[in-house]
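J.: Read in the working numbering, the sequence shown has 495 at position 151, and its numbers run on one by one without any break. Virtual Cβ for every residue (Gly too), placed ideally from N, Cα, C. If you're wondering where the values come from, they're calculated on a predicted model, not measured in any experiment. Pasting a structure here, questions to come.
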Amino acid sequence: MSSARLIGCALILLMLGSGVVLWRATGQAGEIRQLERAYFAGGCFWCMEEAFEGVEGVQSVTSGYMGGAKANPTYEEVSAGLTGHAESVEVLYDSDKVSYGKLLEVFWRNIDPTTPDRQFCDFGNQYRSAIFYQGEEQKRLAEESKRALEKSKPFKEAIVTQIVSAGEFYPAEGYHQDFYKKNPIRYKFYKFNCGRAQRLADLWGSSQS
Numbered sequence: 345m346s347s348a349r350l351i352g353c354a355l356i357l358l359m360l361g362s363g364v365v366l367w368r369a370t371g372q373a374g375e376i377r378q379l380e381r382a383y384f385a386g387g388c389f390w391c392m393e394e395a396f397e398g399v400e401g402v403q404s405v406t407s408g409y410m411g412g413a414k415a416n417p418t419y420e421e422v423s424a425g426l427t428g429h430a431e432s433v434e435v436l437y438d439s440d441k442v443s444y445g446k447l448l449e450v451f452w453r454n455i456d457p458t459t460p461d462r463q464f465c466d467f468g469n470q471y472r473s474a475i476f477y478q479g480e481e482q483k484r485l486a487e488e489s490k491r492a493l494e495k496s497k498p499f500k501e502a503i504v505t506q507i508v509s510a511g512e513f514y515p516a517e518g519y520h521q522d523f524y525k526k527n528p529i530r531y532k533f534y535k536f537n538c539g540r541a542q543r544l545a546d547l548w549g550s551s552q553s
C-alpha cells in the first residue's frame with residue numbers, strides 16, 4: 345500500500361493541551377476540527393453522563409473523579425469521602441456543533457445548585473456541584489453563566505455551586521461507564537428513589553433541559 349493511500353485512510357488523534365485534534369484525511373483534502381473538554385460535578389455521575397450524552401455535538405462522556413489530592417482514587421475511597429474528589433464527568437465535544445455555553449445550560453438544569461455537599465439523596469463533599477474550568481475563557485463563561493442565573497433563577501435559594509480550576513481527572517472504574525445503558529433497571533430504580541426528577545422539576549419547571 346502506498347504512503348499516500350495510508351495517509352488517505354488515516355484517523356489520527358493528537359492530544360493538544362485541553363483539546364483533541366481529530367484529523368481525518370480524505371483523498372487530497374483533510375478535515376481538521378478541534379474537540380474540546382469540559383468537566384462538571386453534579387452528584388451521581390451516572391445521571392450526568394446520561395444528561396450530556398444526549399446533547400448533539402458531544403462525542404463522549406466519561407465518569408470519573410476530580411477536585412481532590414489523592415492520585416488514582418477508587419470508587420470506594422471517593423464515596424467514603426476520603427479523597428476530596430467529587431464524582432465528575434469529562435465531556436468531549438465538537439465546538440463547531442455545541443458551545444461551552446450550551447454545555448453550561450445543560451449542567452445547570454440537571455443539578456440542584458442550592459445544596460452544598462449534596463445532590464438529591466446523595467450526601468457528602470464527594471457529591472458537591474462544581475464547574476471545573478480549563479483556561480480563562482471557560483472560567484469567564486462559567487462565571488457569566490452563574491451571574492446570569494442568579495438574576496433569572498426561578499427559585500429563592502442561593503446558588504452554591506463552585507467554579508474552580510480543573511485538576512487531574514481520574515476515570516472511574518469500567519462498570520461505572522455508561523451505567524444507565526448497561527444497567528437500565530437498576531439505574532432507573534436509583535434515579536426514581538433519589539427524587540432527582542421531581543426536585544429538578546420543582547427547581548426548573550418547564551425550563552429544565
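Given this structure, state the Cα-to-Cα distance separating ARG504 from ILE529, to the nearest angstrom.
T.: Mapped onto the sequence shown, residue 504 falls at position 160. Mapped onto the sequence shown, residue 529 falls at position 185. The amino acid at residue 504 is misidentified as Arg; the sequence shows Val. The straight-line gap from Cα to Cα measures roughly 32 Å.
J.: On the three-state DSSP scale, how would you describe ASP438?
T.: In the sequence shown, residue 438 corresponds to position 94, counting from 1. Of the three classes helix, strand and coil, the one that applies to ASP438 here is strand, per DSSP.
J.: Let me know if GLN482 comes out buried or exposed under the rule of 16 or more other beta-carbons within 10 Å of its beta-carbon.
T.: As a position in the sequence shown, residue 482 is number 138, starting the count at 1. So GLN482 ends up on the buried side.
J.: Does the region 385 to 393 touch the region 522 to 540, meaning 3 or more C-beta pairs lie closer than 8 Å?
T.: yes
J.: Let me check one thing: in DSSP terms, what residues is VAL433 bridge-paired to?
T.: The residue labelled residue 433 in the question sits at position 89 within the sequence shown. PHE384, SER407.
J.: Cα-Cα, which of LYS414, LEU426, VAL435 is closest to GLU394?
T.: One-based indexing of the sequence shown puts residue 394 at position 50. Closest by alpha carbon: VAL435.
J.: Leaving out five residues on either side along the sequence, give the residues of the same chain with a beta carbon under 7 Å from the beta carbon of THR636.
T.: In this structure the chain extends from 345 to 553, so residue 636 is not present and cannot be described.
J.: Could you say which of HIS429, ALA510, PHE464 lies nearest to GLN470 if we only look at CA atoms?
T.: For the purposes of this step, residue 470 is taken as the residue at position 126 of the sequence shown. It is HIS429 whose Cα lies nearest to the Cα of GLN470.
J.: Here's a check: name, in chain order, each residue in its chain whose Cβ is nearer than 6 Å to the Cβ of THR370, leaving out the five neighbours to either side.
T.: To locate residue 370, count along the sequence shown from 1; it is residue 26. Per-residue confidence for THR370 stands at a pLDDT of 36, beneath the threshold of 50, marking its modelled position as unreliable; no derived number is given.
J.: Quick one: residues in its chain with C-beta nearer than 7 Å to the C-beta of GLN403, no 5 flanking neighbours on either side, listed in chain order?
T.: As a working note, residue 403 is residue 59 in the sequence shown. Result list for GLN403: LEU379, LEU436, TYR437, ASP438, in chain order.
J.: Determine, using beta-carbon pairs with one atom in the region 441 to 459 and one in the region 404 to 414, whether at least three such pairs fall under 8 Å.
T.: no
J.: If you check the beta carbons only, do VAL433 and PHE384 fall under 8 Å apart?
T.: Position 89 of the sequence shown, counting from 1, holds the residue named residue 433. Position 40 of the sequence shown, counting from 1, holds the residue named residue 384. Going by C-beta atoms, VAL433 is nearer than 8 Å to PHE384.
J.: For LEU447 versus ALA382, is the C-beta spacing smaller than 8 Å?
T.: The residue given as residue 447 occupies position 103 in the sequence shown. The residue given as residue 382 occupies position 38 in the sequence shown. Yes, the Cβ-Cβ distance between LEU447 and ALA382 is below 8 Å.
J.: Please report how far the alpha carbon of GLU397 lies from the alpha carbon of GLU431, in whole angstroms.
T.: Taking the first residue of the sequence shown as 1, we reach residue 397 at position 53. Taking the first residue of the sequence shown as 1, we reach residue 431 at position 87. Answer to the nearest angstrom: the Cα atoms are 17 Å apart.
J.: In terms of residue numbering, what span does the beta strand (DSSP E) encompassing PHE536 cover?
T.: For the purposes of this step, residue 536 is identified with residue 192 of the sequence shown, where counting begins at 1. Boundaries around PHE536 are those of the alpha helix (DSSP H), 528 to 538, since no beta strand (DSSP E) includes it.
J.: Since GLN506 is in the beta strand (DSSP E), which residue starts that stretch and which ends it?
T.: As a working note, residue 506 is residue 162 in the sequence shown. Run containing GLN506: 506 to 509, per the beta strand (DSSP E) assignment.
J.: If you draw a straight line from the alpha carbon of GLU488 to that of ASP466, how long is it in whole angstroms?
T.: Working through the sequence shown from its first residue, we reach residue 488 at position 144. Working through the sequence shown from its first residue, we reach residue 466 at position 122. C-alpha separation (whole angstroms): 28 Å.
J.: Please report the Cβ distance between TYR534 and ALA510, rounded to the nearest whole angstrom; I am assuming they are in contact, meaning their Cβ atoms lie under 8 Å.
T.: Working through the sequence shown from its first residue, we reach residue 534 at position 190. Working through the sequence shown from its first residue, we reach residue 510 at position 166. At roughly 27 Å, the Cβ-Cβ gap does not stay under 8 Å, so TYR534 and ALA510 are not in contact.
J.: Please name the residue, chosen from THR406, LEU544, ARG484, HIS520, that lies closest to TYR419 on a Cα-to-Cα basis.
T.: Your numbering for residue 419 matches position 75 in the sequence shown. Nearest option by C-alpha distance: HIS520.
J.: Leaving out five residues before and five after LYS490 in sequence, what residues of the same chain have Cβ atoms less than 6 Å from its Cβ?
T.: Here residue 490 is taken as the residue at index 146 of the sequence shown, counted from 1. If we look at LYS490 and ignore the five residues flanking it on each side, it has no Cβ neighbours.
J.: When burial is assigned at 16 or more other CB atoms within 10 Å of the CB, is ALA486 buried or exposed?
T.: As a position in the sequence shown, residue 486 is number 142, starting the count at 1. By the 10 Å Cβ count, ALA486 comes out buried.
J.: Grab me the residues of PHE464's own chain with a C-beta within less than 7 Å of its C-beta, minus the 5 sequence neighbours each way, in chain order.
T.: As a position in the sequence shown, residue 464 is number 120, starting the count at 1. Taken in chain order, the residues that qualify are GLY387, ASP456, CYS538, GLY539, ARG540, ARG543.
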